[in-house]
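Chains as they are written, first to last, in my numbering: chain D, 3 to 115; chain G, 21 to 134.
From the three backbone atoms N, C-alpha and C, an ideal C-beta is built for every residue, glycine too.
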Amino acid sequence: NAGVMQNPRHLVRRRGQEARLRCSPMKGHSHVYWYRQLPEEGLKFMVYLQKENIIDESGMPKERFSAEFPKEGPSILRIQQVVRGDSAAYFCASSPWTRNTQYFGPGTRLTVL
Amino acid sequence: ELKVEQNPLFLSMQEGKNYTIYCNYSTTSDRLYWYRQDPGKSLESLFVLLSNGAVKQEGRLMASLDTKARLSTLHITAAVHDLSATYFCAVDMDSGGGADGLTFGKGTHLIIQP
Chain D
3 NAGVMQNPRH LVRRRGQEAR LRCSPMKGHS HVYWYRQLPE EGLKFMVYLQ KENIIDESGM
63 PKERFSAEFP KEGPSILRIQ QVVRGDSAAY FCASSPWTRN TQYFGPGTRL TVL
Chain G
21 ELKVEQNPLF LSMQEGKNYT IYCNYSTTSD RLYWYRQDPG KSLESLFVLL SNGAVKQEGR
81 LMASLDTKAR LSTLHITAAV HDLSATYFCA VDMDSGGGAD GLTFGKGTHL IIQP
């Protein structure tokens, strides 16, 4: 059973470009979570999605960030007009149902030049 | 706002010694997780503690939960080098249903020296 998949693993963008991060949950998991980790910090919750629905986006910056989890295909975290402060590791996690252990993907390390 | 505090944040210890990492959280929750992260890697689930007094053990690691004190501990027994990593505790943000995002502590960076 493959684990949570994320791609790309490393992404370099120039200021003002768009970044798209993809997450495929574990088989049978319909709950997806996105977190951001800054250097030497713990993870910060961004958004929680189920298929086609955003359940909680309280941790997501109000501007430039969006997330989706379509009926078919991976979940996508989109960052428009990236700035240097967006440089971080972005982790996706999935779980089979609510309030269950979250299993994390390998992360996407975003560097904004 | 839920706050999760770990201490110590950095720990260097010798092989064979015992030590405890502490995790305090600020609001009621009945679900606490411990994760391990190796440098540049993802998070590996270690334990989930679901009720007051819960204790779980895996190898040289033992985790416990006291929901009344809002405290969890991760105890390391006879440490070995392979346990060097960063350990995070995390708490459900909403124990009443709805949001399921976790609030993480800053992590304890553990180095075990021969």
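> Does DSSP put Arg80(G) in a helix, in a strand, or in coil?
Replying inline: On the second sequence, position 60 is the one that residue 80(G) refers to. Note: Arg80(G) maps to coil in three-state DSSP.
>> Give me the chain G residues within the contact set of Pro108(D), using Cβ-Cβ distance strictly less than 8 Å, ordered along the chain.
In response: Residue mapping note: residue 108(D) aligns to position 106 of the first sequence, counting from 1. Simply Lys61, Ser62.
> Between Phe124(G), Asn38(G), Gln34(G), which lies nearest to Arg80(G) when the distance is taken from Cα to Cα?
Replying inline: The residue you call residue 80(G) lines up with position 60 of the second sequence. For the residues Phe124(G), Asn38(G), Gln34(G), the minimum Cα distance to Arg80(G) belongs to Asn38(G).
> How big is the Cα-Cα spacing for Gly36(G) and Ser104(G)?
Replying inline: Looking up residue 36(G) in the second sequence gives position 16. Looking up residue 104(G) in the second sequence gives position 84. Near 13 Å, if we compare the C-alpha coordinates of Ser104(G) and Gly36(G).
> Given that Tyr53(G) touches chain D, what residues does it touch there, using C-beta distances under 9 Å?
Replying inline: Here residue 53(G) is taken as the residue at index 33 of the second sequence, counted from 1. The contacting residues are Thr103, Gln104.
> Between Thr93(G) and Gly127(G), is the Cβ-Cβ spacing less than 7 Å?
Replying inline: Within the second sequence, the letter at position 73 stands for residue 93(G). Within the second sequence, the letter at position 107 stands for residue 127(G). It is not a contact, given that the beta carbons lie outside the stated cut-off.
>> For Pro27(D), count the other beta carbons within 10 Å of its own beta carbon; 16 or more makes it buried, fewer makes it exposed. Which is it?
In response: As a working note, residue 27(D) is residue 25 in the first sequence. It counts as buried.
>> In whole angstroms, give me the CA-to-CA distance for Gly116(G) and Ala98(G).
In response: For the purposes of this step, residue 116(G) is taken as residue 96 along the second sequence, with counting starting at 1. For the purposes of this step, residue 98(G) is taken as residue 78 along the second sequence, with counting starting at 1. Residue placement at Gly116(G) cannot be trusted, given a pLDDT of 49 that sits under 50; what the coordinates show is reported in the next sentence. Approximately 39 Å, taken between the alpha carbons.
> Mind pulling the chain D residues with CB within less than 9 Å of Lys126(G)?
Replying inline: On the second sequence, residue 126(G) is found 106 positions in, with the first residue counted as 1. Taking a Cβ-Cβ threshold of 9 Å, the residues of chain D close to Lys126(G) are Glu42, Glu43, Gly44, in chain order.
> In chain G, which residues lie less than 8 Å from Phe116(D) when you measure between Cβ atoms?
Replying inline: Nothing can be reported for residue 116(D), as the shown portion of chain D is limited to 3 through 115.
>> For a cutoff of 7 Å on Cβ pairs, would you count Gly116(G) as touching chain D?
In response: The residue you call residue 116(G) lines up with position 96 of the second sequence. Because the pLDDT at Gly116(G) is just 49, under 50, the model does not fix this residue reliably, and the value given afterwards should be weighed accordingly. With 7 Å as the cut-off, Gly116(G) does not count as an interface residue toward chain D.
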